[in-house]
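To start, the structure itself, in structure tokens.
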Amino acid sequence: MTPNPLITKSIEKLDYRVTVGDVAGETGLQLQEVQQGLVGLAAEAGGHLQVSETGDITYLFPKNFRTILRSKYLRLRLQEWWDKVSGVIFYLIRISFGIILVASIILMVIAIFVIIIAAKTSSDEGNSDNRIGGGGGLSINFFPFWLGSDLFWFFSPNYYHRDEPIRRERSRRNSREQNELSFLEAIFSFLFGDGNPNRKLEERRWQEIGRVIQNNNGAVVGEQIAPYLDNISEKSWEDEDYMLPVLMQFNGVPEVTEDGSIIYYFPDLQVKADRQRKQSVESYLKENYWQFTKASSNQKILAIGLGGLNFILALMLGSLLTEEVVIQLGGLIAFVDAIYGILIGYAIGYLVIPLIRYFWIQQQNKKIAARNEKRSQRAEEFLKLAASDQTFQGKLKQAQKFASETILSEEDVAYSTEEDLTEQEAKQSDKIDEEWKRRLGL
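This is the structure:
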């Protein structure tokens with residue numbers, strides 16, 4: 001069984017000594033999955049189980065447990081290798097669209113230039129010298145200004161920082177500019193965006209719920225959890241059915257108070273390997289809005305400009321590529337004619353895809369705003385009730401009666417797999433004698 005990366009990261013974050021509740025609260029994973037994962041990791045990575053006098057279990061892992069796992073699991077080594085390789089492959093794919101755009105423009109400019117020069121040469125036979133001398137012919141300035149050594153300027157990750165004043169400004173904004181895209185990456189970002197900003201929304205949801213529960217020492221009311229959930233109907237709000245998935249996720253227990261209110265406590269999340277500071281949690285689950293592109297304003301202007309230029313050149317080239325011209329010139333022109341469908345298709349797609357994506361993003365962001373607003377209203381309602389409603393304040397006090405925090409320190413360990421049982425019994429003989437005397441009433 002390949003270790004769950006969320007569990008391994010949480011073990012490192014919690015200093016290699018954890019309980020099931022610690023990891024479940026940190027990762028948001030189901031308790032059963034966490035327990036199975038910790039047992040499997042302990043068996044494979046040389047971890048140890050520490051059992052307290054109350055029967056609670058703490059898992060202790062060596063600090064090099066990742067190295068141990070890597071040596072045992074070929075899949076982990078391959079995964080690390082693939083992560084590096086896939087990063088390079090995906091980067092090449094990203095920049096390829098920019099390279100194709102630049103190559104398309106260059107190819108079409110050259111083809112148009114060749115066709116026009118050939119047409120002029122053919123029509124001016126006999127007095128071409130006079131015509132050229134008179135300045136009526138085409139000049140090499142027909143090429144766009146960038147078609148020379150400066151072409152490579154576009155391929156620089158910092159092509160828009162060439163001027164010295166801007167370089168000085170960049171030195172004052174290092175942290176921001178580390179996240180800026182290169183020109184070629186910006187083309188891909190303009191075309192296809194930068195991925196789903198909420199691809200880990202469910203993971204975040206359960207992590208934040210787990211932290212809210214742990215921050216309240218394992219006992220909460222439904223109104224505290226509602227701002228992190230979706231699809232809560234009016235009936236579900238009244239009956240608090242929306243808490244059922246949370247109870248299943250963290251093995252929670254509902255409890256009806258004397259006044260008929262329902263509170264929820266989670267015994268497994270109340271047992272910790274070490275005392276932890278309360279973690280900051282957003283008041284409600286905030287979905288991130290879709291971003292059209294991470295490209296800078298200058299990059300977007302350049303991307304649109306080059307796309308428009310590419311489309312215009314494709315139309316011009318299409319009007320010049322007659323059958324007679326292709327047969328007469330052959331060579332490069334014949335090649336361009338053969339791939340003209342690809343060139344015009346890319347030119348159209350380059351402009352249409354971002355346009356379609358723009359309107360789609362507007363619709364998605366409206367839905368996200370509506371969901372965020374609902375969660376925000378629930379969070380505000382909870383704060384309002386907690387501040388001014390005496391009945392609700394009584395409900396919170398009832399919940400706090402079930403709140404507790406059990407810290408399993410090293411001194412509480414009654415048995416550990418680190419040492420032989422006989423040695424541990426010898427070390428704890430005095431404690432065992434006192435326990436027997438207590439049980440016998442001596």
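All residue numbers for the sequence shown refer to full-length UniProt numbering, where the first residue is 1 and numbers rise by one.
Glycine included, every Cβ here is placed at the ideal spot set by N, Cα and C.
Keep in mind the model is a prediction, meaning the values are calculated, not measured.
How would you label Val-20, buried or exposed, when you count the other beta carbons within 10 angstroms and need 16 or more for buried?
Buried, because 16 or more other Cβ atoms sit within 10 Å of the Cβ of Val-20.
Close Cβ partners of Asn-365 (< 8 Å) along its chain, the five nearest in sequence each way excluded:
So the qualifying residues of the chain are Tyr-289, Trp-290.
Can you give the Cα-Cα distance for Leu-147 and Ile-106, rounded to whole angstroms?
Unreliable placement is indicated for Leu-147, whose pLDDT of 39 sits below 50; the coordinate value is still reported in the next sentence. Going by the C-alpha atoms only, they are around 8 Å apart.
Would Ala-219 and Ala-399 be called neighbours here (beta carbons separated by less than 7 Å)?
When the beta-carbon positions are compared, Ala-219 and Ala-399 come within less than 7 Å of each other.
For Pro-3 and Gly-37, believed in contact at Cβ under 8 Å, the rounded distance
About 7 Å; that satisfies the 8 Å criterion.
One question on the structure: do Val-336 and Ala-186 come within less than 7 Å of each other, judged by their Cβ atoms?
Not closer than 7 Å, so no.
Go ahead and label Ser-10 buried or exposed: buried means 16 or more other beta carbons lie within 10 angstroms of its beta carbon, across all protein chains shown.
Counting Cβ neighbours within 10 Å, Ser-10 comes out buried, since at least 16 surround it.
Less than 7 Å between C-beta atoms, sequence neighbours within five positions excluded: which residues of the same chain meet that for Leu-6?
Annotation for Leu-6: Thr-27, Leu-29 place their beta carbon closer than 7 Å to its own, counting only its chain and skipping 5 residues before and after.
As a quick exercise: from Phe-311, Ser-376, Val-325, Leu-201, pick the residue whose alpha carbon is nearest that of Gly-346.
According to the sequence provided, residue 346 is Tyr. The question's Gly does not apply to it. Nearest C-alpha to Tyr-346: Phe-311.
If contacts are defined as beta-carbon pairs under 8 Å, then Phe-188 and Arg-94 qualify, I think. What distance do you get, rounded to the angstrom?
At roughly 4 Å, the Cβ-Cβ gap stays under 8 Å, so Phe-188 and Arg-94 are in contact.
Flag this pair as touching only if the region 96–106 and the region 300–316 have three or more C-beta atom pairs under 8 Å; answer yes or no.
These segments touch.
Between residue 464 and the rest of its own chain, which residues show a CB-CB distance below 6 Å, the 5 nearest in sequence each way excluded?
Lying outside 1 to 442, the shown extent of the chain, residue 464 is not represented and no answer is given.
Using a Cβ-Cβ cut-off of 7 Å, state whether Trp-206 counts as contacting chain D.
Checking the listed chains, one finds no chain D in this structure; it contains a single protein chain.
Can you check whether the CB of Ala-42 is closer than 7 Å to the CB of Val-34?
Taking 7 Å as the cut-off, the Cβ atoms of Val-34 and Ala-42 do not count as close.
At least 3 beta-carbon pairs within less than 8 Å: the region 404–412 vs the region 247–256
The region 404–412 makes no contact with the region 247–256: fewer than 3 CB pairs, one atom from each, lie closer than 8 Å.
Let me confirm a value: Ile-327 is counted as buried when at least 16 other C-beta atoms fall within 10 Å, else exposed. Which label applies?
Result: exposed.
Start and end residues, alpha helix (DSSP H) containing Ile-342:
Residues 340–388.
Unbroken stretches of the alpha helix (DSSP H), 4 residues or longer, contained in the region 64–134
Counting only runs of 4 or more, we get 65–72, 74–123, 128–133.
Report yes if the CB atom of Leu-14 is closer than 7 Å to the CB atom of Asp-268, and no otherwise.
No, these two residues do not count as a Cβ contact at 7 Å.
Environment of Glu-323 [buried if 16+ CB atoms lie within 10 Å]
Glu-323 should be labelled exposed.
C-alpha distance - Phe-65 paired with Leu-396, whole-angstrom precision
So the two alpha carbons sit approximately 42 Å from each other.
Could you tell me whether the Cβ atoms of Arg-17 and Leu-74 are closer together than 7 Å?
No. Outside cutoff.
Looking at Tyr-284: is its Cβ nearer than 7 Å to the Cβ of Ser-376?
For Tyr-284 and Ser-376, yes; Cβs fall inside 7 Å.
Pick helix, strand or coil for Val-281, following the three-state DSSP scheme.
Assigned with DSSP and collapsed to three states, Val-281 falls in coil, not helix or strand.
Pull up the DSSP beta-bridge partners for Lys-272, would you.
Its beta-bridge partners are Ile-407.
Burial state of Thr-391, where buried means 16 or more other Cβ atoms lie within 10 Å:
By the neighbour-count criterion, in which a residue is buried when 16 or more other Cβ atoms sit within 10 angstroms of its Cβ, Thr-391 is exposed.
For Leu-313, which residues from the same chain have a beta carbon less than 6 Å from its beta carbon, with the 5 sequence-adjacent residues on both sides left out?
Around Leu-313: Met-108.
So the candidates are Ile-407, Thr-8, Lys-374; which of them puts its Cα closest to the Cα of Gln-214?
When each option's Cα is compared against that of Gln-214, the closest is Ile-407.
Helix, strand or coil for residue 446 per DSSP?
No information on residue 446 is available, as it lies outside the stretch 1 to 442 that the chain covers here.
Within its chain, find whatever has a CB closer than 7 Å to the CB of Ser-261; leave out the 5 residues flanking it on each side and keep chain order.
Non-local C-beta neighbours of Ser-261 in its own chain, meaning closer than 7 Å and more than five positions away in sequence, comprise Lys-395, Gln-398, ordered along the chain.
Compute the Euclidean distance between the alpha carbons of Leu-383 and Val-221, then round it to the nearest angstrom.
Spanning the alpha carbons of Leu-383 and Val-221 requires a straight line of approximately 13 Å.
For Asp-83, does the count of other Cβ atoms within 10 angstroms reach 16, so buried, or fall short, so exposed?
Asp-83 is exposed by the Cβ-count criterion.
Would you tell me roughly how many angstroms separate the C-alpha atoms of Val-114 and Ser-122, rounded to the nearest one?
Approximately 12 Å between the Cα atoms of the pair.
Reduced DSSP secondary structure (H/G/I, E/B, other) of Leu-49:
Residue state, collapsed to three classes: strand.
Where does Thr-58 fall in DSSP's three states?
Looking at Thr-58 - three-state DSSP - the assignment turns out to be strand.
Between Ser-182, Ser-86, Phe-90, Arg-204, which lies nearest to Lys-294 when the distance is taken from Cα to Cα?
Considering only alpha carbons, the answer is Ser-182.
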